[in-house]
Structure formats: structure tokens, C-alpha cells
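Report on the following structure.
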Ligand SMILES: [Zn+2]
């Protein structure tokens, strides 16, 4: 990670001619916004001050040092870019970020394109669906000469498949062993926001994906519950636990045991109620599970 960051930073310095700020100091004023507000099952992104500097003629990349509690989506919102832009500039950051990690923050939505043999400015602009003049201007170019290996900032460009598919694939594992005893969707006139997994009482419950514990404790009808945030707007929720083995703020790895299957709260017999939330909305967990 460090080596890679250094490499990208070097590229960014070459590209933009300057670094906007000393990274370590920059994180401090943001800490208040990073605190996750309430131990509620809905993961509302913290309100973010309108922070992003207006892009100048020569926009500067900057470095953001991750503060406690920050997710990729929170950081992206702070700089008025999107998670894809953040991921595109930090290919190693897809899974999990930690306080102290340094992320390259591009000046606006877009991607870094590494020039390959045979690339032309025109072809690159075409490939990303952006205007060639905008690419020239964003990189301070007069002419069209490119060097293999140099990095161009493509304003408004989207990562081409690779980043997104890698970010959304292969990251979830089953949180408990067992069949689905109740599916996602409407049942008995109300919406079931997750799936019920018919696991035995006392069986381990595992983090479906690496993340940070946003809540662990008693939550009304959910009984003992753990809520994990994973970045990119994803969260997973584990309910009716017999007990839990993690604390709020802790980082957990994919597959790490976070508690045991139980029958607490509004539950009829031991099972795991498992939810996946995307930007606060419950989505069908089965589309993410392998
Ligand atoms: Zn359920």
C-alpha cells in the first residue's frame, strides 16, 4: 500500500506540479464529521460540509489521511467526487481503509489514465467519452505528445469496468451456514429487509465482508445485533444474536467471527437475520453472496 501510494503520489506531483497540502494536518478538522452519529440500523452518511475547492485551471491532486470512522463514501462526499473516482486513483483501497491510510484525492470526478503504447489524446478522450480539449486543459497540455507510462487526469471519466467490477465482486461471504428459511421481500403484508438463515443456536456468525463495527448491542426487536459498515455505501446487519464478540469502532476482517446465532429480540427460534444495505436501502443479500 505505502509503496503504491508513493508511486501514485509521484505521478500526481508530476502531473499537477504541486501537492495541495500536508496530508497529516488536513485530517484533523474533519474528525467531527467522521463520527458515525447514532447506533441505528440505518446507515446515514454523516452530513458533510461543502468542502471541495473549486477546480482551478490547473487542478491539484491532494492527499487525504483517513481519520477514524471514515469510509470511502464519506471521503468521496467530502471532496465532492464519487467513490469510483476515489477507487480509480487508489486501486488498493477497495476493500477496507484504516485511520492513517493516505488516499490520493483527485480534484474532481474523473480517473487517472496511464498512457499505453499507441494511445493518442483523441483515442483516450473517446474511450472515456470526454472532450479532448478538457483532457488537454486538465493536464496543462498544449500539444498532443504523450509518453508511455505517464498519467493523465481524465475529468469526468469513469473507470472502465475494471475498478467497479472488482469492487463489487467476490467480497461477500456467507455469515452463517444454513439454508434460507425466509427470503428477502414482502411476507405477511410487510417487507422483510433481509434473509433468515436457518443456523443452529450457538453457531458462529461471521462478517460477510471486511468492515468497521458501527453498532454492537441490543436493538429492540432485532435483539442482540451487529451492524458493519464496509465503505462504498455498503453495510451489513446481523440480528437475533445470542451474543456478540466485537465493539463499536473495531475493524473486522472478512469471515471473522462477530458473534453467535441466537433467538433474541422478536424471533421465533434460533436463526440469523442478515441484511445488506446499500446507501441505507435494504437490498437482497442473495445477490451478493457467493
Ligand atoms: Zn429476518
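Numbering (mature numbering (1 follows the signal peptide of the UniProt record, and there is no 0)), first residue to last: -22 to -1, 1 to 268. Even for Gly, the Cβ is constructed at its ideal location relative to N, Cα and C. Fair warning: this is a prediction, and the values are worked out from it, not measured in the lab.
Query raised in the report: Rounded to the nearest angstrom, how far is the Cβ of residue 94 from that of residue 126, given a contact under 8 Å?
Result: 6 Å
Query - Residues bridged to residue 131 [DSSP beta-bridge criterion] - result: 90
Report task. Give me the Cβ distance between residue 172 and residue 263, rounded to the nearest whole Å; I'm assuming they're in contact under 8 Å. Result -> 6 Å
Query raised in the report: Would you call the CB atoms of residue 238 and residue 220 closer than 8 Å?
Result: yes
Query raised in the report: Any heavy atom of ligand 1 closer than 7 Å to the CB of residue 172?
Result: yes
Query raised in the report: Taking 7 Å as the line, does the beta carbon of residue 251 fall inside it for any heavy atom of ligand 1?
Result: yes
Query raised in the report: Looking at residue 49 and ligand 1, is the gap between the Cβ and the nearest heavy atom below 7 Å?
Result: no
Report task. For the alpha helix (DSSP H) holding residue 214, just list the boundary residues, first then last. Result -> Premise fails: residue 214 lies in the beta strand (DSSP E), 212 to 222, not in any alpha helix (DSSP H).
Query - DSSP state of residue 207 mapped onto helix, strand, coil - result: strand
Query - residue 102, DSSP secondary structure in three states - result: helix
Query raised in the report: What residue does the alpha helix (DSSP H) around residue 116 start on, and which one ends it?
Result: 110 to 116
Query raised in the report: Would residue 253 be called buried (16 or more neighbouring beta carbons within 10 Å of its own) or exposed?
Result: buried
Report task. List the endpoints of the continuous alpha helix (DSSP H) containing residue 51. Result -> 50 to 56
Report task. Tell me, please, whether the region 45 to 62 touches the region 208 to 228 by the rule of three or more beta-carbon pairs shorter than 8 Å. Result -> yes
Report task. Answer yes or no: the CB of residue 58 versus the heavy atoms of ligand 1, is any distance below 7 Å? Result -> no
Query raised in the report: Helix, strand or coil: how does DSSP classify residue 182 here?
Result: strand
**Report entry** Beta-carbon proximity check, residue 83 vs residue 57, cutoff 8 Å
**Finding:** yes
Query - Contacting residues, own chain, Cβ-Cβ under 8 Å from residue 98 (five flanking each side not counted) - result: 122 and 124
**Report entry** Strand pairing of residue 174, partner residues [DSSP]
**Finding:** 160 and 251
Query raised in the report: Just curious, the alpha helix (DSSP H) that residue 63 is in, first and last residue?
Result: 61 to 67
Report task. Determine, using beta carbons only, whether residue 244 and residue 222 come nearer to each other than 8 Å. Result -> no
Requested in this report: Would you mind reading off the limits of the beta strand (DSSP E) that contains residue 260?
Outcome: 259 to 261
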